[in-house]
Each structure stands twice: as structure tokens, then as C-alpha cells.
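> Input: one structure, supplied below.
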Amino acid sequence: MKDRYKETVAGLTEKELLFHLVATQILLLTISAILGMILFDSLNEFKEIFVWRDWGILSIGLTAGASVVVMDYVLMKYLPKSYYDDGGLNERIFKNRSVVQIMLIAAMVAISEEILFRGVIQTNTGLILSSIIFAVVHYRYLFNWFLFTNIILLSFLIGYIYMVTNNLLVTIMMHFFIDFILGLIIKFRTHATIGGTDSE
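If you're matching positions, the sequence shown starts at 2 in my numbering and goes up one per residue.
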């Protein structure tokens, strides 16, 4: 199963990869809209999750995001490479993108996933179920115990911060910061590796 997944990822062209990425985020937003109409009592209640009253607490999202990135970066340096093997998808997504493209991808993913998993699902079902669903939806991590454990813990952390702050923008900011910085790390680490190989 894992080998078939890797073959599928490797077989995608750049256009196909981006198409699937964008289509997935549109699908998540569509599901958010449908579930929002079902789970919330009124349109106004659904719209309430998009009202961000306290912009001052954004620093919580940035601080938490920075902490996750630092810990992840340290682990990447000292753990075997196989621990971070997601079938090559993250590398395919980020390695040949510009910084602006990485920023746009990170923003798109953070907004769509946080609206669905925290704003809609967690608001209506609680932290535990939304965190489990979030982890399972990241299908490629199911093949790697370390990445699956990592995504479960991250999901609980983001969900907890949403529960404490009740501010979706905080978790969007946190999610964006993590994806953006790790995307940059993948991009520049890949280029450094390629450069090192070429010079030998």
C-alpha cells in the first residue's frame, strides 16, 4: 500500500500535483459550508466562527507555531530520514516553488483546514473527535508511525489553542506559520542537497 502510494505521487506531473492540492482545499471548504448549514442552528451562528474580535492574541498562534517548527527542525536533524518519509509528497509540493508560492499554498491549506476541522467540526463535536479526524484525513501519514503520532499531537495542540482562545484566526495563523516555514526548510534543504551533489 505504501509503495503504491509512493508510485502514485511520483507519477504525478507538476500540474496534476497542484490541481489535486487546490481541488482538495476547495473540497474541504465545500464540506465546511455543507456541514456548517447542517450543524449550526442558523447562518448567523455559522458566520460567528469567522468573526475575529481579538487580533491582539495572534501572538499566541505565532509563538506556538514557532515552537512547533523549532522542535520539528531539531528532530529532522537528529532522527533518521525515514521518520519523515511521507511518500515524497511534501518535497514534491515545496521543493520547486518560489517563496511566494509556498506562502500562498500554506495560507490556502491553513484557511481551509482550520475552518473545517476547528471552526466547524471542533465547535460542534469537541477536541478529541476533530483531532482524530484531522489526523486520519492526512492519509499519507498513516503509513509512518512517527508522522502519524506527530500529526495527532499537533492536531491536539492546535485544537487546544482554539478551545482556549476561541479565535479561529489564531489557529489559522499557527497552521500557516508551521506550513510556511517547514515548506521553506524543505525547499532550501533540497536545493542545498542538490547543490552539494552537483559539486562533488
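In this text, a Cβ means the ideal position worked out from N, Cα and C, and glycines have one as well.
#1: Are residue 178 and residue 108 close, meaning C-beta to C-beta below 8 Å?
#2: Taking the alpha helix (DSSP H) that residue 56 falls in, what are its first and last residues?
#3: Please confirm whether residue 30 and residue 113 have their CB atoms less than 8 Å apart.
#4: By DSSP, does residue 119 sit in helix, in strand, or in coil?
#5: Going by Cα to Cα distance, which pick from 79, 152, 173 is closest to residue 87?
#6: Residues in the same chain with beta-carbon distance under 7 Å from residue 196, minus the five sequence neighbours each way, listed in chain order, please.
#7: Per DSSP, what kind of secondary structure is residue 145 in: helix, strand or coil?
#8: Using the Cα positions of residue 40 and residue 163, report the straight-line distance between them to the nearest angstrom.
Reading it off the structure:
#1: What you label residue 178 is simply residue 177 of the sequence shown in a count that begins at 1. What you label residue 108 is simply residue 107 of the sequence shown in a count that begins at 1. No, the Cβ-Cβ distance between residue 178 and residue 108 is not below 8 Å.
#2: Working through the sequence shown from its first residue, we reach residue 56 at position 55. Looking at the DSSP string, residue 56 is not in any alpha helix (DSSP H), and its letter there is neither H nor E.
#3: Residue mapping note: residue 30 aligns to position 29 of the sequence shown, counting from 1. Residue mapping note: residue 113 aligns to position 112 of the sequence shown, counting from 1. Yes, they are a contact pair.
#4: Position 118 of the sequence shown, counted from the start, is the residue given in the question as residue 119. Of the three classes helix, strand and coil, the one that applies to residue 119 here is helix, per DSSP.
#5: Within the sequence shown, the letter at position 86 stands for residue 87. Here the closest residue by C-alpha is 152.
#6: Translated into positions along the sequence shown, residue 196 becomes position 195. Summary for residue 196: the model assigns pLDDT 44, below 50, so the residue's position carries little reliability; its value from the coordinates is reported in the next sentence. Nothing listed; no residue qualifies.
#7: Position 144 of the sequence shown, counted from the start, is the residue given in the question as residue 145. If DSSP states are grouped into helix, strand and coil, residue 145 belongs with coil.
#8: As a position in the sequence shown, residue 40 is number 39, starting the count at 1. As a position in the sequence shown, residue 163 is number 162, starting the count at 1. Their Cα atoms are separated by approximately 18 Å.
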